[in-house]
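Chains as they are written, first to last, in the working numbering: chain L, 1 to 105; chain Y, 106 to 364. A quick write-up on the structure given underneath.
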Amino acid sequence: MPALINVPAKAKRGGVIEIRTLTSHIMETGFRHTVDGKLVPRDIITSFTCRYNGDEIFRADLFPAIAANPYLSFFTVAKESGKFEFEWIGDNGYSSTASASIIVE
Amino acid sequence: MRVWRAIAAAALLAAAPALLAGEIPIDARRSGYSFMGPDTRAMQDDDTSNPGMLFVLEGEALWGKKTGNAEKSCADCHGDARSSMKGVAARYPAIDKALARPVTLDQRINRCRTNHQQATPLLYESRDLLALSAFVAHQSRGVAISAGDDPQAKPFVEQGRELFMQREGQLNLACTNCHDDNFDRRLAGAPVTQGQPTGYPLYRLEWQTLGSLERRLRSCMSGVRAQAYDYGSPELVALELYLMSRARGLPMETPAVRP
Chain L
1 MPALINVPAK AKRGGVIEIR TLTSHIMETG FRHTVDGKLV PRDIITSFTC
51 RYNGDEIFRA DLFPAIAANP YLSFFTVAKE SGKFEFEWIG DNGYSSTASA
101 SIIVE
Chain Y
106 MRVWRAIAAA ALLAAAPALL AGEIPIDARR SGYSFMGPDT RAMQDDDTSN
156 PGMLFVLEGE ALWGKKTGNA EKSCADCHGD ARSSMKGVAA RYPAIDKALA
206 RPVTLDQRIN RCRTNHQQAT PLLYESRDLL ALSAFVAHQS RGVAISAGDD
256 PQAKPFVEQG RELFMQREGQ LNLACTNCHD DNFDRRLAGA PVTQGQPTGY
306 PLYRLEWQTL GSLERRLRSC MSGVRAQAYD YGSPELVALE LYLMSRARGL
356 PMETPAVRP
């Protein structure tokens, strides 16, 4: 599934940077019924992780009350040039990844 | 007696402009964007927070994907959408020469699929159709709307205008009663807009997904307790054409975000 990632291309060493992520997912709550009364099974993203050069720097658990196409924004300190890796894990074996690189001067 | 009749006639004449308030002057036309709060505006303005852009990305992938018995992709005929599709959505719905009636962008995509790709048409409001039309319409972002300029389209614009002015449903309301006469007021806390279709298909927070102008029109129709026209019906296409011609000159915003 496509994702939109916003990581600054360049940052100063020790500077605080904002990372914004948006991914495509229906986030079906599992509480809704179809017109003929059948329960629509839950289908959500349950976990999001961000790694910075392999180290986990941010993790979030997601729940049915979170809207479709979850948007997450968080901050970190720019320590060294390298790569951010993002991973979304969810129901029915859902897994999606994305990455972005940064140059720290 | 004659004096009273003259006074009554004068009073009627004085009241006439208010009764015929009707259409919005060209320089007073405003996109739904101007009725939104700062948070929703910020969401639309930043392409990495606008969820509609996820559909544009999906549409871009579909544009290059070969499909149907002809094993052709959109790109095989139309090339780079950034140049070939620029300004196209601002002209839709447009007259299809073979059908001699206007077709929406969704219908144009499906006609291309059946005629040139020999593929099955995509269902209205299906993810793939919304993604493709969002991708195509996104190429017109910032382009001034010019739909309905074609002289052949005039009778259909007029049909759409009549539907817009026609009261319907158990609440007996016409589109014009809210969107010409009462915009900038509130309906159950939500602002009533002018109903200018500048950013379709758009991401509606209430829907939690992207949706077409036809979906929006149909939800207004069920709102006034009327029987909504079917997707792709000539009435909805005419309404869509009238709305686009009514928004003439406003810039396209696809994919817009609305509450």
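No residue lacks a Cβ here, since even glycine has one placed at the ideal position from N, Cα and C.
Supposed close pair residue i, residue j - CB separation, criterion 8 Å
i	j	result
Q222(Y)	A186(Y)	Not really, about 16 Å apart at Cβ, beyond 8 Å.
T49(L)	R59(L)	5 Å
P360(Y)	Y308(Y)	6 Å
Sequence-distant residues of its chain with Cβ nearer than 6 Å to residue i (five each side left out)
i	result
Y229(Y)	Y336
Residue i - partner residues in DSSP beta bridges
i	result
L278(Y)	E273(Y)
A295(Y)	L292(Y)
S99(L)	E85(L)
S73(L)	R20(L)
C50(L)	F58(L) and F86(L)
Candidates the options: closest to residue i by CA position
i	options	result
G316(Y)	A180(Y), A258(Y), S136(Y) and R363(Y)	R363(Y)
A180(Y)	R290(Y), Y305(Y) and E165(Y)	E165(Y)
S350(Y)	Q313(Y), E340(Y), D286(Y) and D255(Y)	D255(Y)
P302(Y)	Q149(Y), G137(Y), V193(Y) and A205(Y)	G137(Y)
D55(L)	E87(L), F63(L) and Y71(L)	E87(L)
G354(Y)	D286(Y), I250(Y), F288(Y) and P260(Y)	I250(Y)
P156(Y)	G37(L), Y71(L) and T34(L)	Y71(L)
I131(Y)	L310(Y), D285(Y) and R232(Y)	D285(Y)
S327(Y)	T281(Y), F160(Y) and G274(Y)	G274(Y)
Where residue i falls, given that 16 or more other Cβ within 10 Å makes a residue buried
i	result
A133(Y)	exposed
F31(L)	exposed
S24(L)	buried
Y347(Y)	buried
G192(Y)	exposed
V241(Y)	buried
A123(Y)	Because A123(Y) sits at a pLDDT of 42, beneath the cut-off of 50, its placement in the model cannot be relied upon, and the following sentence gives the value as read from the coordinates. Classification for A123(Y): exposed.
N220(Y)	exposed
G300(Y)	buried
G14(L)	exposed
G90(L)	buried
V208(Y)	buried
R196(Y)	buried
V77(L)	exposed
Own chain partners of residue i with C-beta closer than 7 Å, once the 5 adjacent residues on each side are dropped
i	result
N92(L)	D43
Q212(Y)	G337
M340(Y)	Going by the sequence as given, residue 340(Y) is Glu instead of Met. Only L268 and Y334 meet the Cβ criterion.
A175(Y)	H221, Q222 and Q223
D61(L)	T46 and S47
F74(L)	I19 and F58
Sequence-distant residues of the same chain with beta carbon closer than 8 Å to residue i, five excluded per side
i	result
A295(Y)	P364
R218(Y)	T172, G173, A224, T225, P226 and L227
Within-9 Å CB hit, residue i to chain C
i	result
D152(Y)	The displayed structure is made up of protein chains L and Y, and chain C is not among them.
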